[in-house]
Amino acid sequence: MAAVLLQIEHLVRYASLANDSGTAFRARAPELQGKPYGARILQIGTPTWIGANTRVHLGIRNGNILVLAFSGIDMPFTLDTYIDLQRWQRFVSSIVMLFTYNLTEILWLHPDHKGLLIHEGFLKSFNNLLVNDRLLTKITTLMPNPSNIEICGHGLGGVLATICALWCRMTWPGAQITCVTLGSPRVGNDIFATEFSNRNITCYRLVNGSDPIPTIPDRYSQAVPWNLRMTHNLYRHVGIPLWLGHDKLPTLGLERPDIQHEEAAGNLTAEGWWLYLVFFVIYWTVRAGQMLFKNQRHSPVEYSTVVQRILETRRDCW
Numbered sequence: 037m038a039a040v041l042l043q044i045e046h047l048v049r050y051a052s053l054a055n056d057s058g059t060a061f062r063a064r065a066p067e068l069q070g071k072p073y074g075a076r077i078l079q080i081g082t083p084t085w086i087g088a089n090t091r092v093h094l095g096i097r098n099g100n101i102l103v104l105a106f107s108g109i110d111m112p113f114t115l116d117t118y119i120d121l122q123r124w125q126r127f128v129s130s131i132v133m134l135f136t137y138n139l140t141e142i143l144w145l146h147p148d149h150k151g152l153l154i155h156e157g158f159l160k161s162f163n164n165l166l167v168n169d170r171l172l173t174k175i176t177t178l179m180p181n182p183s184n185i186e187i188c189g190h191g192l193g194g195v196l197a198t199i200c201a202l203w204c205r206m207t208w209p210g211a212q213i214t215c216v217t218l219g220s221p222r223v224g225n226d227i228f229a230t231e232f233s234n235r236n237i238t239c240y241r242l243v244n245g246s247d248p249i250p251t252i253p254d255r256y257s258q259a260v261p262w263n264l265r266m267t268h269n270l271y272r273h274v275g276i277p278l279w280l281g282h283d284k285l286p287t288l289g290l291e292r293p294d295i296q297h298e299e300a301a302g303n304l305t306a307e308g309w310w311l312y313l314v315f316f317v318i319y320w321t322v323r324a325g326q327m328l329f330k331n332q333r334h335s336p337v338e339y340s341t342v343v344q345r346i347l348e349t350r351r352d353c354w
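For the sequence shown, this note's numbering assigns the number 37 to the initial residue and increments by one for each residue that follows.
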C-alpha cells in the first residue's frame, strides 16, 4: 500500500523531527508556515516525566491545513546516545510511569461514555496542554477555525497525537482530521478504541518490523499490587495498522501477530493476584531485555528511513 505511504509521507517526516527544538523543526520543515513563531510550539514541563517535556509543534501546510507534530521520549537509540544519561533518565521514567498509573475516564468527553478508559499517565500529559486553554490559544492564533487538521507523533508523541485527534474532533466537529502515529503504545481500552473509530478520524498506525513499543501497555502492566483491580481492562490499539517490513512491503490493515495475540487473549482477573505478581517480575525482566535489544526498530529516524526506502523502491513500479 505504497500509495497510502505517499499520502502520509510528510507526516512521517514531521513525526520523526518532532524531538527537535522549535527553531530546528522550522528549519527542517520550511513548508510549514504561520506566525508569530511563538504560536508554532507549545512545551510544558510535565511532572509525569522526570526530566522530560510534553512538546507539540504547530504549522500551516498549503495555506489551509493545520499540522500538529508531537514529540516522544528521545530514547538512547545509537551507540553515541547510549552514554547520554539524560536519555536514560527519560527512558526509565517513562517505564516507571507505565506501571504507576491505571486506566481512567476522559472528563472532557460526554459523560454518557461509560466504561471508556484511557491510561492516566498519557491523559495527564495531554491534559497539561489544555490548562488555561494553552493549546487552543496556539491553534486559534494560527488558524481561528481549522477545517482540515493533520496530527502526527512518534512513540509517546503518537499517544498524544491519538488523544489530540479525539479532542480536535470534539472541538471542531466538522473538520477533516488525519492522524498518523509511528510506533505508538496502546492508549486505552476497547470502548475507547470503538469510540475513536466511530468519530470519523482517518488514522494510520505505523509499526516498523519488530518494534517492541507498540506491544505496551498490556494486561500485565497493571498486574502489580498498587494497580490491582477486580478486572484488568484490556488495552486496544486504534486506527488502521500499517506494518512496515512484512515481506519487505508495507501491509495495510494487517496487525502484527504478537500485537494481535495480546488483544485477543482476554482480561485478567484479581483472582490469583499473587501468581500475576510472580509472573509480572519474570515477564518484565525478559521483556525489558527484548525491548532494549530491539530498541533501534523504534527509532524515529528508522521509521522515516524505512518509509523513504519503500517509496523509492515502489516509485520504479508506478
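We put the CB at the ideal spot given by N, CA and C, even for glycine.
Assign residue i to one of three DSSP states: helix, strand, or coil.
| i | result |
| --- | --- |
| Trp-279 | strand |
| Ile-142 | coil |
| Asn-244 | strand |
| Tyr-50 | helix |
| Tyr-137 | coil |
| Asn-225 | strand |
| Gly-95 | strand |
| Ile-346 | helix |
| Ala-33 | Past the boundaries of the shown model lies residue 33; the chain is included only from 37 to 354, so the question cannot be answered. |
| His-149 | coil |
| Met-327 | helix |
| Leu-196 | helix |
| Leu-41 | helix |
| Ile-86 | Confidence at Ile-86 is low in this model, with a pLDDT of 44, below 50, so the placement of that residue should be treated as unreliable; the coordinate-derived value is given next. It is coil, neither helix nor strand. |
| Gly-302 | coil |
| Pro-355 | It is not possible to answer for residue 355, since the shown part of the chain is limited to 37 through 354. |
| Ser-335 | coil |
Going by DSSP, which residues form a beta bridge with residue i?
| i | result |
| --- | --- |
| Asn-184 | Gln-212 |
| Asn-55 | According to DSSP, which records beta bridges pairwise, Asn-55 is partnered with nothing at all. |
| Thr-341 | Its beta-bridge partners do not exist; DSSP assigns none. |
| Leu-288 | Leu-278 |
| Tyr-271 | Asn-225 |
| His-155 | Leu-139 |
| Thr-176 | DSSP output for Thr-176 lists no bridge partner at all. |
| Thr-321 | Its beta-bridge partners do not exist; DSSP assigns none. |
| Gln-79 | Arg-91 |
| His-190 | Leu-218 |
| Thr-238 | Thr-214 |
| Gln-69 | Ile-96 |
From the options, pick the residue whose C-alpha is nearest to that of residue i; which is it?
| i | options | result |
| --- | --- | --- |
| Leu-78 | Glu-67, Asp-56 and Leu-288 | Asp-56 |
| Ala-54 | Leu-166, Asn-100 and Cys-188 | Cys-188 |
| Gly-210 | Ile-185, Thr-198, Val-223 and Leu-192 | Ile-185 |
| Arg-272 | Arg-97, Ala-301 and Ile-80 | Ala-301 |
| Glu-231 | Ile-252, Thr-251 and Gly-275 | Gly-275 |
| Tyr-73 | Leu-166, Ile-175 and Asn-181 | Ile-175 |
| Pro-18 | Phe-162, Ala-197 and Gln-212 | Since the first residue shown for the chain is 37 and the last is 354, residue 18 is missing from the structure and cannot be characterised. |
| Glu-298 | Pro-250, Leu-94 and Val-317 | Pro-250 |
| Thr-27 | Asn-100, Ala-63 and Gly-194 | In the structure as shown, the chain starts at 37 and stops at 354, and residue 27 therefore has no counterpart that could be examined. |
| Gln-296 | Val-317, Thr-321, Gly-281 and Leu-270 | Leu-270 |
| Gly-327 | Pro-221, Trp-279, Pro-286 and Leu-280 | Checking the displayed sequence, the identity of residue 327 turns out to be Met instead of Gly. Per the Cα distances, Pro-221. |
| Ala-65 | Ile-96, Ala-75, Ile-80 and Gly-81 | Ile-96 |
| Val-342 | Pro-286, Arg-323, Ala-324 and Val-322 | Pro-286 |
| Ala-197 | Arg-345, His-93, Arg-323 and Gly-58 | His-93 |
| Glu-67 | Gly-99, Gly-58 and Ala-75 | Gly-99 |
| Trp-208 | Leu-172, Ser-233 and Thr-177 | Leu-172 |
| Gly-281 | Gly-325, Asp-294, Val-322 and Arg-345 | Arg-345 |
Leaving out the 5 sequence neighbours to the left and right, which residues in its chain are closer than 7 Å to residue i when beta-carbon positions are compared?
| i | result |
| --- | --- |
| Tyr-319 | Tyr-256 |
| Arg-205 | Ile-213, Arg-235 and Ile-237 |
| His-155 | Tyr-137, Leu-139, Val-223, Gly-224 and Pro-253 |
| Ile-101 | Asn-184 and Glu-186 |
| Ile-80 | Asn-89, Thr-90, Asn-164 and Leu-165 |
| Leu-288 | Met-37, Val-40, Ile-276 and Leu-278 |
Could you pull out every residue in the same chain whose Cβ sits closer than 8 Å to the Cβ of residue i, ignoring the five residues on either side in sequence?
| i | result |
| --- | --- |
| Ser-52 | His-190, Leu-218, Pro-336, Val-337, Tyr-339 and Ser-340 |
| Ala-39 | none |
| Leu-347 | Ala-38, Leu-41, Leu-42 and Glu-45 |
For residue i, which residues from the same chain have a beta carbon less than 6 Å from its beta carbon, with the 5 sequence-adjacent residues on both sides left out?
| i | result |
| --- | --- |
| Glu-291 | Pro-277 |
| Thr-238 | Thr-214 |
| Arg-350 | Ala-38 |
| Trp-354 | For Trp-354, the predicted structure reports a pLDDT of 47, less than 50, and the residue's modelled location is therefore unreliable. The matter cannot be settled from this model. |
| Ala-75 | Lys-174, Thr-177 and Leu-178 |
Following a CB-centred definition, is residue i positioned closer than 7 Å to any heavy atom of the ligand COA?
| i | result |
| --- | --- |
| Arg-350 | No copy of the ligand COA occurs in the structure displayed, which carries no ligand at all. |
* Asked: Looking at C-beta atoms only, is the number of pairs between the stretch 102-110 and the stretch 42-60 that lie closer than 8 Å three or more?
  -> Look at the beta carbons and you see the stretch 102-110 touching the stretch 42-60: at least three pairs across the two are nearer than 8 Å.
* the stretch 146-162 touching the stretch 224-236, judged by at least three CB pairs closer than 8 Å -> Cβ pair count under 8 Å is three or more, so yes.
* Asked: Would the stretch 168-187 and the stretch 196-204 be scored as touching if the rule is three or more Cβ pairs under 8 Å?
  -> Remark: three or more beta-carbon pairs, one from each stretch, lie closer than 8 Å, so the stretch 168-187 and the stretch 196-204 are flagged as touching.
* Asked: Looking at C-beta atoms only, is the number of pairs between the stretch 236-246 and the stretch 326-334 that lie closer than 8 Å three or more?
  -> Contact check between the stretch 236-246 and the stretch 326-334: three or more CB pairs, one atom from each, fall below 8 Å, which counts as touching.
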